[in-house]
Amino acid sequence: MNKKQIVVAVAVLAVMGYLYSLPVKGIKPSQTHDTAPAAAKMAARPASNVNVTVETVSAPAKAAIGSQLTVKIEGLENQLKKASSDAEKLSLNKQLAAAWDDVDQPAPAAFYYTAVAKSNNSFDAWLTAGNRYNDAFKISQDTALTPAYISGAVEAFTNALKLKPQSLDAKTGLGVADVNGGASPMQGIALLREVVAQDPENVNANLNLGLFSMKSGQFDKAIERFKTVIAKKPDFESYFYLAETYKQLGRKPEAIAAYEKCKQMMPNPVFGQRIDQYIKELKNN
1 MNKKQIVVAV AVLAVMGYLY SLPVKGIKPS QTHDTAPAAA KMAARPASNV
51 NVTVETVSAP AKAAIGSQLT VKIEGLENQL KKASSDAEKL SLNKQLAAAW
101 DDVDQPAPAA FYYTAVAKSN NSFDAWLTAG NRYNDAFKIS QDTALTPAYI
151 SGAVEAFTNA LKLKPQSLDA KTGLGVADVN GGASPMQGIA LLREVVAQDP
201 ENVNANLNLG LFSMKSGQFD KAIERFKTVI AKKPDFESYF YLAETYKQLG
251 RKPEAIAAYE KCKQMMPNPV FGQRIDQYIK ELKNN
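Sequential numbering from 1 applies to the sequence shown in full-length UniProt numbering.
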């Protein structure tokens with residue numbers, strides 16, 4: 001699975017999770033400002049005493065993909081347990097990371113990319129590990145696991161920046177991890193702003209700044225961020241969050257138009273039905 005497919009898969013899961021976390025009837029602006037998806041919430045998270053390992057996150061991932069797809073992965077796991085040389089272990093960790101990517105499971109993939117990075121200390125491995133940790137956080141519903149994803153992301157992006165201090169991708173990833181629960185939300189926002197100061201059209205930084213603006217109730221700022229993303233890389237995720245932001249401001253025609261674009265760009269029947277329900281509610285209120 002290539003990078004673009006992985007990003008899309010995570011975006012689908014995140015948007016669908018957000019979509020089904022709300023009632024069908026649209027939320028009115030006067031009701032709440034807490035409109036960001038779970039991944040964008042900046043509230044303090046409870047400390048976890050769980051020793052989160054690759055086995056911890058692999059078990060639910062295997063249940064999600066089913067026994068048929070699990071066979072290949074378990075075969076590689078068994079080979080890794082028996083591997084004796086560092087070269088063999090590195091090769092198997094790479095294969096396991098790729099195998100988990102192929103089935104859209106970023107949490108176990110993150111652990112295997114971390115193992116690869118610790119072995120060869122390459123920028124690409126650390127960056128990919130950090131991205132997968134952030135992806136896992138974005139779609140996770142288990143708050144016992146999210147502290148491990150945050151700490152893993154911070155470690156990975158910090159190591160990536162040691163190798164390439166000017167990398168905007170690594171700075172963006174670290175900024176997202178910090179806002180999610182790393183060093184501090186404001187430090188993370190500062191990093192993301194540093195990225196857009198150097199690259200005003202940076203898609204990932206603007207998307208996340210838009211999400212964090214939604215969380216803090218700064219909907220006008222969120223709209224501008226999402227518009228910047230759409231101008232550079234229009235996709236269903238950015239249109240969906242733009243629609244949600246317009247809805248919170250009571251701008252119904254704009255919200256409906258953005259929902260329609262979102263629906264067109266992700267032709268999933270179940271997703272489309274849910275979007276139709278939101279549009280209907282907006283038109284009837």
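Just so you know, even glycine gets a beta-carbon here, dropped at the ideal spot from N, CA and C.
Leaving out five residues on either side along the sequence, give the residues of the same chain with a beta carbon under 6 Å from the beta carbon of I223.
T245
Within 10 angstroms of the Cβ of G66, are there 16 or more other Cβ atoms? Answer buried if so, exposed if not.
G66 comes out exposed.
Hey, is the segment 155-167 in contact with the segment 120-127, meaning 3+ C-beta pairs nearer than 8 Å?
yes
Backbone secondary structure at D135 - three-state DSSP
helix
Exposed or buried, what is P234 when buried is set at 16 or more other beta-carbons lying within 10 Å of its beta-carbon?
exposed
Stretch pair the segment 142-149 + the segment 89-99: three plus CB contacts closer than 8 Å:
Short answer: they don't touch.
Rounded to whole angstroms, what is the Cα-Cα separation between D135 and P106?
When rounded, the distance between both Cα atoms is 6 Å.
Could you check whether A153 and A115 sit closer than 7 Å to each other, using their CB atoms as the reference points?
no
Proximity test, A64 beta-carbon vs the ligand ATP heavy atom, cut-off 6 Å
As for the ligand ATP, it is missing from this structure, which has no ligand bound.
According to the neighbour-count rule (16 or more other Cβ atoms, all chains shown, within 10 Å of its Cβ), is P185 buried or exposed?
Under a 10 Å Cβ-count criterion, P185 is classified as buried, with 16 or more other Cβ atoms of the shown protein chains found around its own Cβ.
What does the Cβ neighbour count give for D276, buried or exposed, with the cut at 16 atoms within 10 Å?
Result: exposed.
Do M266 and F226 come within 7 Å of each other at the CB atom, strictly closer than that value?
no
Can you give me the Cβ contacts of K72 inside the same chain, cut-off strictly under 8 Å, excluding the 5 residues immediately before and after it?
A99
Here's the rule: buried if 16 or more other CB atoms are within 10 angstroms of the residue's CB, otherwise exposed. What is Q273?
exposed
Where the alpha helix (DSSP H) containing T172 begins and where it ends:
168-180
Nearest-angstrom Cα distance between H33 and K62?
Confidence at H33 is low in this model, with a pLDDT of 34, below 50, so the placement of that residue should be treated as unreliable; the coordinate-derived value is given next. In a straight line, the C-alpha of H33 is about 36 Å away from that of K62.
Tell whether a beta-carbon distance below 7 Å holds between K232 and V195.
no
Just tell me which of N284, G250, P60 has its CA closest to the CA of Q141.
P60
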